[in-house]
Every structure is written in structure tokens, then in C-alpha cells.
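Asks: This structure is in C-alpha cells; I'll ask about it shortly.
There are 2 protein chains.
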Amino acid sequence: MAEALPGARLRPHVKAHKCTGLATRQREVGHRSFTCATPREMVGMARAGLGEDLLLANETLDATRLRTMAECGARVTVAVDSDATVHAAADNGIKEVLIDVNVGLPRCGCAPDDAARIADLARSRRLEVRGVMGYEGHVYAFTEREQRAHATEVSMETLLAVHAKVGGDVVSAGATGTFDLNTWATEIQAGSYALMDTTFAPMMPQFRPALYVLATVISANDKHAVADCGLKALGMDHGNPTIDDATVWLVSDEHVTFKPDRPLHAGDVVRVWPAHVDPTVALHERMHVAAGADTGAAVIDTWDVDLRGW
Amino acid sequence: MAEALPGARLRPHVKAHKCTGLATRQREVGHRSFTCATPREMVGMARAGLGEDLLLANETLDATRLRTMAECGARVTVAVDSDATVHAAADNGIKEVLIDVNVGLPRCGCAPDDAARIADLARSRRLEVRGVMGYEGHVYAFTEREQRAHATEVSMETLLAVHAKVGGDVVSAGATGTFDLNTWATEIQAGSYALMDTTFAPMMPQFRPALYVLATVISANDKHAVADCGLKALGMDHGNPTIDDATVWLVSDEHVTFKPDRPLHAGDVVRVWPAHVDPTVALHERMHVAAGADTGAAVIDTWDVDLRGW
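Top line first, the protein sequences correspond to chains P and G.
Per the working numbering, the very first residue in the first sequence carries number 478; after that it's consecutive.
Per the working numbering, the very first residue in the second sequence carries number 478; after that it's consecutive.
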């Protein structure tokens with residue numbers, strides 16, 4: 478990714494790993510600006526010395542959290558999409574904002590024709606308007622690359638038209654799924670590429686899944702095996718995880734029941750690959766960095782998942 | 478629940494709330510024995526002074542975790558279902574076990590006709606065999622109460638036949654969904670009843686959902702609203718959450734997009750009810766106890782979700 482989008486062309490999204498240890502690696506390969514989804518991620522990045530240019534690509538009205546971000550020592554920019562979010566930012570010491578524009582995904586973001594008014598309001602409150610952002614997340618509905626490219630272009634036409642009225646240097650957009658399609662944004666907010674997951678990997682084969690839960694078989698018979706990794710260790714919104722050389726049958730709170738291709742025994746270890754990486758990391762206290770791909774690979778480093786919570 | 482299954486007839490399962498503050502309430506209404514799914518739950522309960530009779534209703538081969546449980550000061554019983562789990566328990570200082578029997582759910586538990594052999598092995602390793610356990614979780618497939626009752630009876634016939642050969646005082650089984658159907662077990666392992674969720678509530682109307690995520694609307698227009706509660710705050714394996722007086726459209730990492738029946742505005746608060754309570758609590762650091770059912774009810778207590786992790 479750092480080759481495709483070097484330096485400031487990429488603003489890595491830390492929500493996908495919630496880990497300053499991994500963010501440090503992203504900084505080492507040239508990215509000095511980061512995207513966050515929660516105030517806790519912002520403050521944690523600042524504490525880790527990664528606060529050169531942090532964007533909260535999300536709205537918040539929480540006065541305490543806004544003030545904590547404003548006072549965390551980092552360069553802090555927050556997204557705003559309404560009068561209420563502008564006033565909350567200004568009232569609580571935030572200095573810089575991006576105008577968040579709805580470019581097709583039904584989520585946050587103002588209507589495109591309201592963006593200039595919100596920018597004016599922000600400037601009247603002495604906020605620096607750095608530009609615009611708009612997340613084209615709806616294009617993931619298209620599994621065909623060409624359709625995704627077209628939908629991205631339509632969204633970015635909207636965002637650039639808004640940018641022309643709002644001003645500022647920044648047009649922030651995108652994601653891993655559009656990193657090589659979105660040529661209009663000045664910076665891409667990609668997160669998943671760093672760890673990937675089984676849902677996303679077929680769409681973006683440039684990036685290999687790196688994150689699995691190493692689980693121990695605790696029960697096995699001639700029909701199935703059970704490992705000690707369940708709903709509390711896996712993001713399940715995109716469905717069941719995948720286990721190497723096995724068919725997953727059932728996931729419960731602390732178990733995964735599966736049919737292995739070859740017999741397994743209590744004590745064997747298996748790799749459990751989550752369907753969605755972001756909510757998976759949020760369930761774990763730390764990640765272990767393995768020296769190789771096999772289950773017995775040595776652990777060469779351990780990173781705290783230190784950006785959890787809100 | 479304490480009226481239906483007083484005292485030792487219920488062995489509350491703490492996996493559903495992971496919270497010694499709530500377990501303390503369960504003890505106050507008469508339950509002194511508890512069920513856990515993880516070593517961390519066992520040790521946390523012991524530390525909180527709730528270790529009179531703790532059952533790990535799950536297998537583990539982890540020597541460190543077994544030893545930590547054995548030395549935690551509580552009365553500790555663990556489930557075993559194989560030679561390997563018996564030896565791991567005996568080798569690491571565990572003194573008491575239950576023989577875990579497969580009574581229909583494809584998960585842990587030995588074959589019924591192997592239980593007596595495993596009990597003999599356990600006794601040969603100087604482990605006290607307190608009895609048997611068998612979780613009839615497969616009966617949840619039947620939404621009709623009569624079918625559930627019949628399937629429970631079939632499972633418990635198996636378990637009682639095994640118990641006659643294994644010996645001991647304990648026949649541990651069940652769950653919230655069979656608490657009033659399973660009249661064969663000496664104790665019921667029910668957890669969900671304490672907090673409930675939207676998936677389970679229609680099946681068990683005796684217990685009302687008590688746990689919601691109080692979320693703030695951060696963006697709203699005439700088509701939809703967005704609140705600050707997403708995949709990292711909700712157990713999603715049973716699908717989307719429910720919001721009072723609204724239709725949920727979309728859940729992303731830190732957002733829920735929904736169509737409210739009446740217009741909402743940035744700053745309004747909504748109750749987001751999870752579809753599955755157990756993995757929801759595992760995502761939160763604490764629970765706030767509200768004095769009433771409305772969104773503005775006073776917080777009268779705060780309980781740490783202190784039994785998370787493994």
C-alpha cells in the first residue's frame with residue numbers, strides 16, 4: 478500500500494487494527510497522518526507519539542471527549558456535518574475541521590448542497606476548514622471492479638463539486654476497496670489492507686489476510702472437533718470464520734465446532750480466520766506477531782490492542 | 478429465576494454478563510454456586526469473593542490457566558471429556574471434575590458410552606468426580622415449547638443413564654431456555670435470563686431484556702438518523718440490533734443507521750437493544766444501572782465488566 482499511495486497520499490485508518498504498534502509500522506513506511514473512528518483512538522495515537530495529523534473521520538457531540546482530544550497535544554481535525562457538530566467542536570477547543578459530505582452511503586455526512594453553509598458557519602466560529610471528506614462505502618455493494626470504479630467516480634464528482642465551494646487543501650475519501658480506483662481524493666482513508674479478512678480478501682487479492690486467532694482443539698471425535706475460540710473472539714457480522722483444511726459448523730460463545738479434513742486431537746492448534754477484522758481486534762487485548770505462516774511459527778513481537786473503547 | 482430455581486437448583490452462568498457486580502446480586506438472592514466458560518471468569522469470581530463453588534463448564538488443556546484456577550482459592554470444578562483433559566486437570570492441581578457428556582449438541586462432551594471409562598481414569602488420577610454435565614443446547618432449534626420439552630427429555634434420559642454409571646451427586650445441565658422444562662438435572666446452568674436480548678426474549682417472555690447500549694444521534698436528516706453505536710459495541714452473530722420506535726438499516730464499525738418513526742436530531746439519545754447479549758457485554762468495560770426504563774433515567778450504580786478475556 479505504501480508503494481501505491483506513498484506518504485500523505487494515504488491516511489491509514491487505525492480502526493481496522495486499534496493498535497499503536499501497527500500504526501508505528503505504518504509510520505515507518507512513510508505515513509504520518511492517520512484516520513480514527515473514535516476519540517479513544519485519537520487520544521491513544523497522540524499518547525503514542527503518532528499525533529502529527531490525526532483526523533476523527535466521524536462526528537461526536539460529546540463535550541468531554543472533544544475537549545480531551547483538543548488537549549491531547551496532537552494536531553486534531555474532526556469531521557462535522559451539521560450545525561450541532563460545528564458548535565460542539567468550536568465550544569470545546571477543537572481548531573480544525575473537515576466538512577463531511579454524504580456521497581452515497583446512508584450514514585453521516587451533510588447533503589452536498591448544505592456543505593458550503595456549514596463551512597461558513599464553521600469559519601464564523603473561528604474553526605479552520607481544511608476541506609471535505611466523503612466516504613464512498615456504498616460502492617462495496619458492487620463486486621465487479623468496473624461497477625465499483627463507476628460508482629466511485631460518481632461519488633467523487635459530487636465531492637469535488639462540493640470542495641470547489643468549501644475550499645481548503647484536503648479531499649479525504651476512500652478505503653482499501655477503492656485505493657486504486659479513487660484518483661480524485663487527495664488522500665485515501667484505508668484501514669483493512671493492513672490485516673485483511675476472509676470477506677474482503679477475494680475482492681482485494683493484492684493484500685493477504687494476516688490476522689487469525691490461534692485456537693486449541695479442546696475436544697475431538699470422529700465426526701467433529703471443537704476449538705476454544707468463539708463469538709467473544711470473532712467479529713461475526715459477516716458470518717462464520719474460516720479454519721484451514723476444515724469446514725466450520727457452529728460458533729458459540731467460547732467454541733467453534735468444525736469438521737477437519739484430517740482427524741485432529743485435543744491439544745492440536747488451528748488458525749481461525751475472522752470474516753471481519755475490525756470488530757475482531759476490538760475483542761482482544763493484544764496481537765502476537767508470528768515469524769511465519771505456520772501454526773508453530775515463533776512469536777517475535779507482541780502489540781497491545783491499545784486503542785479499544787470509546 | 479430465583480423463585481423458580483432457588484439456591485443450589487440454579488448455578489448461574491456468568492458468561493452472559495461477565496460481571497461480578499451482577500453475580501453479587503445473584504448471590505444475594507440465594508445462589509452460591511456459579512458456572513463459568515473461561516479460566517478468567519473463574520479466577521475473577523474467586524477474587525471477588527464469589528468462589529464457594531465454581532464450575533468451569535468447558536474444557537481446557539492450558540497448563541498455566543489450569544494451575545492459576547487450582548491456586549485461586551476457590552472451590553474449583555472443571556469439565557473433562559477425554560483422557561487429555563483428565564490428565565491436564567490432574568497434572569495441574571485441579572481436584573474436582575464433572576464428566577461432560579454429549580447429549581445432542583455437536584460441541585464438547587464425550588460419547589455417552591465412554592463416560593464411565595473417563596470417570597475411572599479421573600479417579601485413578603485422584604480426581605474427585607462430582608458427577609456429570611450435559612448441555613442440551615440443540616433444543617433451541619425448536620421454537621415450539623412442546624418440541625423443546627421432548628428433546629430435553631430425550632437428552633436427559635441419556636445423561637441420567639450415564640450418571641448411573643459415573644456416580645457423584647451432580648447432574649448439571651440446562652440453560653435459560655430449558656429452566657422450566659429440565660426437571661431431571663440437579664442444577665441448571667442458566668445465564669441469559671439475567672439480561673436477556675431481542676433474539677431470546679420472544680421465546681422466554683418470563684424474562685425481560687434489561688441490557689441496551691445508550692447511543693447518541695450524531696447525524697440526522699429527513700430520511701435517516703445515525704447513532705454512535707456499531708459493530709464494536711454489539712454482538713452481531715444473531716443479526717442487527719433493535720432501536721425503540723425505529724427501523725435499523727445498517728450497522729458499521731462505529732455507527733448504526735436507522736429510520737426513526739418520528740424525526741430525531743443530533744444529540745438525541747436512543748436505546749440500542751442487542752440481538753445477543755453475551756458477546757455484547759464482552760465488548761464493554763462497564764455497565765451502568767439505570768433507575769428506570771426511559772432514556773433519561775438516573776444511573777444509580779456502575780458495574781465493571783471485569784470477567785472479560787481468557
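From the three backbone atoms N, C-alpha and C, an ideal C-beta is built for every residue, glycine too.
Everything numeric in this text was worked out from a predicted model, so none of it was measured.
Any chance the stretch 688-703 of chain G sits against the stretch 533-542 of chain P, with 3 or more Cβ pairs inside 8 angstroms?
Replies: As far as the Cβ criterion goes, the stretch 688-703 of chain G touches the stretch 533-542 of chain P, which means the pair count is three or higher.
Asks: From cysteine 706 (chain G) to alanine 479 (chain G), what distance separates their C-alpha atoms?
Replies: Translated into positions along the second sequence, residue 706 (chain G) becomes position 229. Translated into positions along the second sequence, residue 479 (chain G) becomes position 2. Answer to the nearest angstrom: the Cα atoms are 33 angstroms apart.
Asks: CB-CB under 7 angstroms to leucine 499 (chain P), same chain, minus the five flanking residues each way: which ones, in chain order?
Replies: The residue given as residue 499 (chain P) occupies position 22 in the first sequence. Here the set comprises Ala671 and Trp780.
Asks: Cβ of methionine 713 (chain P) less than 9 angstroms from any chain G Cβ?
Replies: Numbered from its first residue, the first sequence carries residue 713 (chain P) at position 236. Closer than 9 angstroms to some Cβ of chain G, the Cβ of methionine 713 (chain P) qualifies, so yes.
Asks: Note down, in chain order, each residue of its chain lying with its Cβ closer than 7 angstroms to the Cβ of glycine 716 (chain P), except the 5 sequence neighbours on either side.
Replies: Residue 716 (chain P) sits at position 239 when you count from the first residue of the first sequence. Excluding sequence neighbours, glycine 716 (chain P) sits near Ala752.
Asks: In terms of residue numbering, what span does the alpha helix (DSSP H) encompassing glycine 498 (chain G) cover?
Replies: Position 21 of the second sequence, counting from 1, holds the residue named residue 498 (chain G). Counting along the chain, the alpha helix (DSSP H) containing glycine 498 (chain G) begins and ends at 497-505.
Asks: Can you find the residues in the same chain that come closer than 6 angstroms, C-beta to C-beta, to threonine 734 (chain P), ignoring five residues on each side of it along the sequence?
Replies: Numbered from its first residue, the first sequence carries residue 734 (chain P) at position 257. Once the five neighbours on either side are set aside, the close Cβ partners of threonine 734 (chain P) are His701, Val703, Trp726 and Leu727.
Asks: Let me know if valine 754 (chain G) comes out buried or exposed under the rule of 16 or more other beta-carbons within 10 Å of its beta-carbon.
Replies: The count along the second sequence starts at 1 and reaches residue 754 (chain G) at position 277. Per the 10 Å Cβ criterion, buried.
Asks: Cβ of leucine 575 (chain G) within 9 angstroms of Cβ of valine 609 (chain G)?
Replies: The count along the second sequence starts at 1 and reaches residue 575 (chain G) at position 98. The count along the second sequence starts at 1 and reaches residue 609 (chain G) at position 132. A contact, by the Cβ cut-off of 9 angstroms.
Asks: Show which residues of chain G have a CB atom less than 9 angstroms away from the CB atom of threonine 497 (chain P).
Replies: Working through the first sequence from its first residue, we reach residue 497 (chain P) at position 20. Near threonine 497 (chain P) there are no residues of chain G at all, since even the closest Cβ is about 17 angstroms away, more than 9 angstroms.
Asks: Kindly give me the distance between the Cβ atoms of leucine 784 (chain G) and glutamate 505 (chain G), rounded to whole angstroms, as I take these residues to be in contact under 8 angstroms.
Replies: Mapped onto the second sequence, residue 784 (chain G) falls at position 307. Mapped onto the second sequence, residue 505 (chain G) falls at position 28. In fact, because the Cβ distance is near 18 angstroms, the residues do not count as touching under 8 angstroms.
Asks: Report yes or no: is there a C-beta of chain P within less than 9 angstroms of the C-beta of histidine 701 (chain G)?
Replies: Stepping through the second sequence from its first residue, residue 701 (chain G) is reached at position 224. So, interface residue.
Asks: What does asparagine 535 (chain P) reach in chain G if we use C-beta pairs closer than 9 angstroms?
Replies: Residue mapping note: residue 535 (chain P) aligns to position 58 of the first sequence, counting from 1. Ordered by position in chain G, the residues that pass the 9 angstroms Cβ test against asparagine 535 (chain P) are Ile695, Asp705, Glu731 and His732.
Asks: First and last residue of the beta strand (DSSP E) that includes serine 649 (chain P)?
Replies: Within the first sequence, the letter at position 172 stands for residue 649 (chain P). From DSSP, the beta strand (DSSP E) with serine 649 (chain P) extends over 647-650.
Asks: When the cut-off is 9 angstroms and only beta carbons count, does leucine 532 (chain G) lie next to chain P?
Replies: As a first step, residue 532 (chain G) is located in the second sequence; it is residue number 55 there, counting from the start. Not an interface residue.
Asks: What are the residues that DSSP puts in a beta bridge with methionine 610 (chain G)?
Replies: On the second sequence, position 133 is the one that residue 610 (chain G) refers to. Beta-bridge pairing links methionine 610 (chain G) to G:Asp577 and G:Ser649.
Asks: Going by the beta-carbon positions, is the gap between methionine 680 (chain G) and tyrosine 617 (chain G) smaller than 9 angstroms?
Replies: Taking the second sequence and counting its residues from 1, one reaches residue 680 (chain G) at position 203. Taking the second sequence and counting its residues from 1, one reaches residue 617 (chain G) at position 140. Yes, these two residues count as a Cβ contact at 9 angstroms.
Asks: Which residue comes first and which comes last in the alpha helix (DSSP H) that contains proline 516 (chain P)?
Replies: Your numbering for residue 516 (chain P) matches position 39 in the first sequence. 516-524 is the extent of the alpha helix (DSSP H) around proline 516 (chain P).
Asks: Which same chain residues end up closer than 8 angstroms to arginine 509 (chain G) when comparing Cβ atoms and leaving out the 5 residues on each side of it in sequence?
Replies: One-based indexing of the second sequence puts residue 509 (chain G) at position 32. Excluding positions up to five away in sequence, the list reads Gly484, Ala485, Glu529 and Asp530.
Asks: Could you check what DSSP says for aspartate 778 (chain P) in three-state terms: helix, strand or coil?
Replies: Numbered from 1 along the first sequence, position 301 holds the residue referred to as residue 778 (chain P). Of the three classes helix, strand and coil, the one that applies to aspartate 778 (chain P) here is strand, per DSSP.
Asks: With 9 angstroms set as the bound, which would you pick, yes or no: does the beta-carbon of aspartate 657 (chain P) sit closer than that to a beta-carbon of chain G?
Replies: Residue numbering aside, residue 657 (chain P) sits at position 180 when the first sequence is read from its first letter. Aspartate 657 (chain P) does not count as touching chain G.
Asks: Classify serine 632 (chain P): buried if its beta carbon has 16 or more other beta carbons within 10 angstroms, exposed otherwise.
Replies: Walking along the first sequence from the start, residue 632 (chain P) turns up at place 155. Serine 632 (chain P) is buried by the Cβ-count criterion.
Asks: Would you say serine 559 (chain G) reaches chain P, if we count a Cβ-Cβ gap shorter than 9 angstroms as a contact?
Replies: Stepping through the second sequence from its first residue, residue 559 (chain G) is reached at position 82. At least one chain P Cβ lies under 9 angstroms of serine 559 (chain G).
Asks: Using 10 angstroms around the beta-carbon of threonine 562 (chain G), count the other beta-carbons present and answer buried if the total reaches 16, otherwise exposed.
Replies: Locating residue 562 (chain G) in the second sequence gives position 85, where the first residue counts as 1. With 16 or more other Cβ atoms within 10 Å, it is buried.
Asks: With respect to the alpha helix (DSSP H) encompassing valine 557 (chain P), which residues constitute its N-terminal and C-terminal limits?
Replies: By one-based count along the first sequence, residue 557 (chain P) stands at place 80. It is not in any alpha helix (DSSP H) - valine 557 (chain P) instead sits in the beta strand (DSSP E) that spans 553-557.
Asks: What in chain G is Cβ-close to aspartate 755 (chain P), meaning under 8 angstroms?
Replies: For this step, residue 755 (chain P) is matched to residue 278 along the first sequence. Residues of chain G passing the Cβ test: Leu708, Lys709 and Asp730.
Asks: Closest by CA to methionine 713 (chain G), which one among G:Ala567, G:Asp738 and G:Thr757?
Replies: In the second sequence, counting from the first residue as 1, residue 713 (chain G) sits at position 236. It is G:Thr757 whose Cα lies nearest to the Cα of methionine 713 (chain G).
Asks: So which residues on chain P does tryptophan 726 (chain G) lean against when the C-beta distance must stay under 9 angstroms?
Replies: Residue numbering aside, residue 726 (chain G) sits at position 249 when the second sequence is read from its first letter. Pro583, listed in chain order.
Asks: So, using beta-carbon positions, are leucine 487 (chain G) and glutamate 664 (chain G) closer together than 9 angstroms?
Replies: Numbered from its first residue, the second sequence carries residue 487 (chain G) at position 10. Numbered from its first residue, the second sequence carries residue 664 (chain G) at position 187. Their beta carbons are under 9 angstroms apart, which means leucine 487 (chain G) touches glutamate 664 (chain G) by this criterion.
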